[in-house]
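Take the sequence shown: its letter number 111 is residue 111 in the UniProt record's numbering, and every next letter is one higher.
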Amino acid sequence: MKSGNTITRTKPRLDDDLLGDQGECLVLRCKQCPKKDSRIRLDFTVDEKKKILVNGFELYPSHDGDLDPLMTAIVENKGVNATETHEEAINYKLSIADVEKDETEKIELIDIHYNIHKVGRVTVKEVPTVHMRLIKLSTEELLIGILSTKEKLAIFYSRATKWGKKIVRGRRVPHWNKEAFGNEK
């Protein structure tokens, strides 16, 4: 079953610090939103090299474990004659798990699963879960390794570990995209 998701990625700027220029935009299709067949825009960024934000709201590390966390997102509704955008309250569920630690390189991989379950006052069930793999360096700095809605990411996870080690050693790595995954040895 195709969900109609699109992923847009920002390009790193060569004049900026590698850890400070990360940003990813994810647009999720929401068939059950208040206005049918909407798109929800989520902007994932690294703030102060140590926090993950979604649309300006802190997601990690200090997510306070609220039962019903709240944020806002831009929702785009396609009408017959025009496209309308507006801000909407979003309720979500979050699960965080430490996946792997490399004691030699002093890096840690962290998985985050982010699932929207309410848009405005409407409960939604078919919005895809966002899967994020973070790389945490020994300095506590964070990198967004993988951001996707796809279920099968096992092949990419090994790349995240390998690239995290290269970053620790001071080498620049290709931007996270499908072309880079295929060309990396």
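The C-beta atom is built at its ideal place from N, Cα and C for all residues, glycine as well.
Anticipated Cβ contact below 8 Å, residue i with residue j, distance rounded
i	j	result
H113	T129	6 Å
L147	F44	6 Å
V50	E108	Looking at the sequence provided, one finds Lys at residue 50 rather than Val. That belief does not hold up - the Cβ atoms of K50 and E108 are roughly 13 Å apart, past 8 Å.
K125	Q32	7 Å
Residue i versus residue j: straight-line alpha-carbon distance, rounded
i	j	result
L134	T83	34 Å
S138	I110	13 Å
V99	K93	19 Å
S38	T149	17 Å
I74	V27	10 Å
Y60	M71	14 Å
R121	K35	12 Å
G145	N77	30 Å
K101	L42	28 Å
E87	E103	43 Å
L142	T85	31 Å
Endpoints, beta strand (DSSP E) assigned at residue i
i	result
L137	Element bounds for L137: n/a, residue is neither H nor E.
S38	S38 to D47
C33	Where C33 is concerned, there is no enclosing beta strand (DSSP E), given that its DSSP letter is neither H nor E.
K101	T83 to D102
E141	Per DSSP, E141 belongs to no beta strand (DSSP E) and is neither H nor E.
V119	I107 to V119
E126	Note, E126: premise wrong, no beta strand (DSSP E); not H, not E.
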